[in-house]
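*Asks:*
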């Protein structure tokens, strides 16, 4: 008997054709391309709120907006707006433009700007620095200067439970921690309160989050808003050395990454895949209480991307992940950057326009006064 | 006198009670629909009438009903959106307060057409007294056998629930309304799936505005074709307009779509003209979120044709020289109104009401408000104007729900048409911040 295979859908993503199963999102299709060919990693849209292990996440940060220039083979009209690639399902014959579309890159740049206007930019004292998704996102897509002159919103730090500290000022409201609490713990006691840019992640009247899997909110947080109190200010991640390890745990899978400084385990986290997503959630016992090598069975060094700051000066050549052909990659990206992008001449344009408009307005009001 | 459909009997004393409403011919449409028609025939009448959603987007109601998925064994819901919170719009409030049975009659017919056995009216929480009026009317209708089990012996059951909202503007967006109705935080959902497939409690749902639903009793009594005969082109029927601002007679008016803007603004039957001794400066034609128009584009389109009160004519010329009919919040400004201050005020509203779910709207609305606040208070600089335009462009179209667009359009259009007023605020900070100061430099007389 032959198994009935679901018919594969063919889509074109930035000129690369890929076949995926029905129900796949554009983001997953792009990741499939990158997994098949490492040098295409830069094609994958960034995800700040979408998190594959947490269903229903995504669609909020708008960082992954892409242009669908043909909806499907049946209906090849382009979609009128940019669509969030993380939650938009592919259709057969869909044509998607990501890095090849200047409007998409321009929008992405503005999303960085929006996410950063209320972010404290305190990376030098933030524990997340070095493994922060917002840092990567801003580095890859943002501009070096801000146009925001007003005061930034701030919040007081809140201790939620004995292990987790909430620093709301850094939060980008991705809702991942809310979904984590909803989906992998019994009872959610924290959520989003208030509205608009005043909304904040908080517990009900500063109640402590207390259950066996509460520590996972630290791993899913893309920024330094939720941090591990046992690791706070202990070290910078690029001075530590990750090792995969496991132990028999009656609550969770027990598969973790140990972060060493010298011989000392200073932090335990869940293992993460290429996209920074947790592969298996771990319990608080593994995370916070087993901080000695003798508790663990070591499996060897964690594979870290060469581009990551964590891998800096640390490994023997044979242990480092294969370099992603840096020059070739740079060359391919170099072509894709369009010099006529508005932002590159932004300040100049703005100044010119202002002067021009100012002249016009003055001229008009002069004319009005003379009459 | 123009023909009235919704407000024909609104001045009859005691019309809010069942008996008086019944004497004026009320509930005959329910009898006709339930006893002599099939649900498909009712939907067909709605399609024929061409009535377009009165909440703002103007999507044809019959077509929306046609999209409703009808899987076996899954309940379907009708939800009436009475969370009217758009600044400048107060027509649904007036309708529900004065003639609640009209809405209830429409709800019964529409629910019957869609096969819904439980329907909801989601009213904004500030209107608690209206909720009591509606609940009293529902109790009366139930006592007379028009609601509840086995309506008029037809075997059709309908329960009508009035649900007060918490007073958030965002809950007027249909998916946020459904979330709120389910008891969750009122965050809009990502679409697709649309409510017609997965709405309230993951069941197929139709969400309609109060005014759209209230039209149904007339449509059933007189036929969809008779309704389509009123109005011009694809703008059929009548529309309630909430007129406010610097006019002689502010209030709610029912107009036949196709009346010219000039007539609506200046005739004694409607607004009665600009208040004495002043002249027209600007108009917001459909609630705060539509683009503002300067005086020279109000009564004539850019092509020189008369502008009419229709969906098409008001949006003639796109956003460059046109606007939208929206929800019918007709706000008129005379020359004493400061456009910068007004734009700041609108922007402040959207900043306050953004749900904070998606980043462009959450951060962008606050940013725009702060920049406008700066300009209004004499601390602006010339590049702030272009910055505002740029922010509004970056918000527009990139958000989950239309609130982002609604926040961006007033700012972009105010700068498009009144740029010199913004420039004056920046170049003359002292004059601009003096109490009651208004830019008088260049005025296009309407």
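Residue numbers (full-length UniProt numbering), protein chains in the order written: chain D, 1 to 371; chain X, 1 to 446.
Glycine is no exception: its CB is placed at the ideal position from the N, C-alpha and C atoms.
#1: Looking only at C-alpha atoms, which of X:216, X:70, X:250, X:88 sits nearest to residue 457 (chain X)?
#2: Grouping DSSP H, G and I as helix and E and B as strand, with all else coil, what is residue 100 (chain X)?
#3: Could one say the Cβ of residue 69 (chain D) lies closer than 8 Å to chain X's Cβ atoms, at least one of them?
#4: Please give the ranges of any alpha helix (DSSP H) in the region 279–344 of chain X, keeping only runs that are unbroken, at least 4 residues long and fully inside the region.
#5: In whole angstroms, give me the CA-to-CA distance for residue 309 (chain X) and residue 203 (chain D).
#6: Specify the secondary structure class of residue 430 (chain X) as computed by DSSP and reduced to three states.
#7: Going by other Cβ atoms of all chains shown within 10 Å of its Cβ, with 16 needed for buried, is residue 306 (chain D) buried or exposed?
#8: So, for residue 109 (chain X): in the same chain, excluding its five sequence neighbours on each side, which residues have a beta-carbon less than 7 Å away from its beta-carbon?
#9: Between the C-alpha atoms of residue 6 (chain X) and residue 102 (chain X), what's the straight-line distance to the nearest angstrom?
#10: Can you confirm whether the region 113–128 of chain D touches the region 361–372 of chain X when touching is taken to mean that 3 or more C-beta pairs between the two stretches lie within less than 8 Å?
#11: Let me confirm a value: residue 387 (chain X) is counted as buried when at least 16 other C-beta atoms fall within 10 Å, else exposed. Which label applies?
#12: Kindly confirm or deny that the region 171–188 of chain X and the region 126–139 of chain X touch, where touching means at least three C-beta pairs closer than 8 Å.
#13: Determine the contact status of residue 265 (chain X) and residue 273 (chain X), defining contact as a CB-CB distance below 8 Å.
#14: Using a Cβ-Cβ distance under 8 Å, would residue 364 (chain X) count as near chain D?
#15: Would residue 360 (chain D) be called buried (16 or more neighbouring beta carbons within 10 Å of its own) or exposed?
#16: Among the residues of its own chain, which have a CB less than 8 Å from the CB of residue 39 (chain X), if the five just before and after it don't count?
#17: Under 7 Å, CB to CB, which of the residues in the region 144–170 of chain D have a partner in chain X?
#18: Taking Cβ positions only, does residue 59 (chain D) come closer than 8 Å to chain X?
#19: Name the chain X residues whose beta carbon is nearer than 7 Å to that of residue 117 (chain D)?
#20: So residue 376 (chain X) is in the alpha helix (DSSP H); what residue range does that whole segment cover?
#21: Around the Cβ of residue 36 (chain X), are there at least 16 other Cβ atoms within 10 angstroms (buried) or fewer (exposed)?
#22: Using 7 Å as the cut-off, classify the Cβ of residue 376 (chain X) as near or not near the heavy atoms of the ligand FAD, replying yes or no.
#23: What is the C-beta distance between residue 432 (chain X) and residue 378 (chain X), in whole angstroms, given that I count them as a contact (C-beta under 8 Å)?
#24: Can a CB atom of chain D be found closer than 8 Å to the CB of residue 387 (chain X)?
#25: To the nearest angstrom, report how far apart residue 315 (chain X) and residue 283 (chain D) are at their CA atoms.
#26: Could you work out which residue in D:156, D:172, D:121 is closest to residue 165 (chain D) when comparing CA atoms only?
#27: Determine the contact status of residue 227 (chain D) and residue 128 (chain D), defining contact as a CB-CB distance below 8 Å.
#28: Could you check whether residue 16 (chain D) and residue 131 (chain D) sit closer than 8 Å to each other, using their CB atoms as the reference points?
#29: What distance in whole Å lies between the Cβ atoms of residue 124 (chain D) and residue 169 (chain D), which are believed to be in contact at a cut-off of 8 Å?
#30: Taking residue 171 (chain D) as the reference, which of D:53, D:153, D:87 has the closest Cα?
#31: Got a sec: is the Cβ-Cβ distance from residue 377 (chain X) to anything in chain D below 8 Å?
#32: Shorter than 8 Å from the beta carbon of residue 372 (chain D) to some beta carbon of chain X?
#33: Taking all protein chains shown into account, do 16 or more other C-beta atoms lie within 10 angstroms of the C-beta of residue 46 (chain X), making it buried, or fewer, making it exposed?
#34: What separation, rounded to the nearest whole angstrom, lies between the Cα atoms of residue 268 (chain X) and residue 104 (chain X)?
#35: Please classify residue 292 (chain D) as buried or exposed, where buried requires at least 16 other C-beta atoms within 10 Å of its C-beta.
#36: Quick one: Cα of residue 142 (chain X) to Cα of residue 161 (chain X), how far?
*Replies:* Put simply:
#1: This structure gives no information on residue 457 (chain X), because the portion of chain X shown stretches from 1 to 446.
#2: helix
#3: no
#4: 311–314, 318–321
#5: 50 Å
#6: helix
#7: exposed
#8: 29, 30, 33, 42, 216, 217, 220
#9: 8 Å
#10: yes
#11: buried
#12: no
#13: yes
#14: yes
#15: exposed
#16: 112, 113, 114, 115
#17: 147, 148, 150
#18: yes
#19: 363, 367
#20: 359–376
#21: exposed
#22: Absence of the ligand FAD from the depicted structure is noted, as is the absence of any ligand whatsoever, leaving it without description.
#23: 6 Å
#24: yes
#25: 58 Å
#26: D:156
#27: yes
#28: no
#29: The pair is not a contact, with the Cβ atoms about 15 Å apart (cut-off 8 Å).
#30: D:153
#31: no
#32: Coverage of chain D is limited to positions 1 through 371, which leaves residue 372 (chain D) absent and any answer about it impossible.
#33: buried
#34: 32 Å
#35: exposed
#36: 12 Å
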